[in-house]
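Below is one structure, written out as structure tokens; comments come after it.
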Amino acid sequence: MIDTIIAKIKEQAIAAAPIGDTLKFVLDDKTVFLDGTGDANVVTEEDKEASCTITTSADTFAELQSGDLNPMGAVMSGKVKIAGDMGLAMKLQSLLG
């Protein structure tokens, strides 16, 4: 399941305009790093410092991707933790569809 989620993040990030910053997802024991500082968003599984880090379970992230879980509700309930640039986190909805 986690590999499917990572593949979808890569697919959506490549199709989106560069976010102009760096973002890291920590999904269970996997890290997904998105570097949008260049001409395109680049997604790797490197564990680097990022302007914003979003931590959640793979199950919760899948619910967010599918639209079954409201992002704000997930943050308020503690299912999703955000560290760093909150403005960048708010751009995620457009990036991840």
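Per numbering that gives the first Met the number 0, residue 0 is the first one in the sequence shown, and the count goes up by one each step.
Note that beta-carbon positions come from the ideal geometry of N, C-alpha and C, so glycine has one too.
Residues near residue i in its chain [Cβ-Cβ closer than 6 Å; skip 5 each side]
i	result
Thr54	Val25 and Lys80
Three-state class that DSSP yields for residue i in the structure shown
i	result
Asp34	strand
Ala15	coil
Lys90	coil
Lys47	coil
N-terminal and C-terminal residue of the beta strand (DSSP E) that residue i is part of
i	result
Ala82	Lys80 to Gly83
Leu22	Thr21 to Leu26
Residue i burial status per 10 Å Cβ neighbour count (16 or more: buried)
i	result
Asp34	buried
Asn69	exposed
Ile18	buried
Ile4	buried
Ala12	buried
8 Å Cβ shell around residue i - same chain, five flanking residues per side excluded
i	result
Ser56	Leu26, Asp27 and Lys78
Where the alpha helix (DSSP H) through residue i begins and ends
i	result
Gly72	Pro70 to Met75
Glu62	Ala57 to Ser65
C-beta atoms of residue i and residue j nearer than 7 Å
i	j	result
Thr52	Lys7	no
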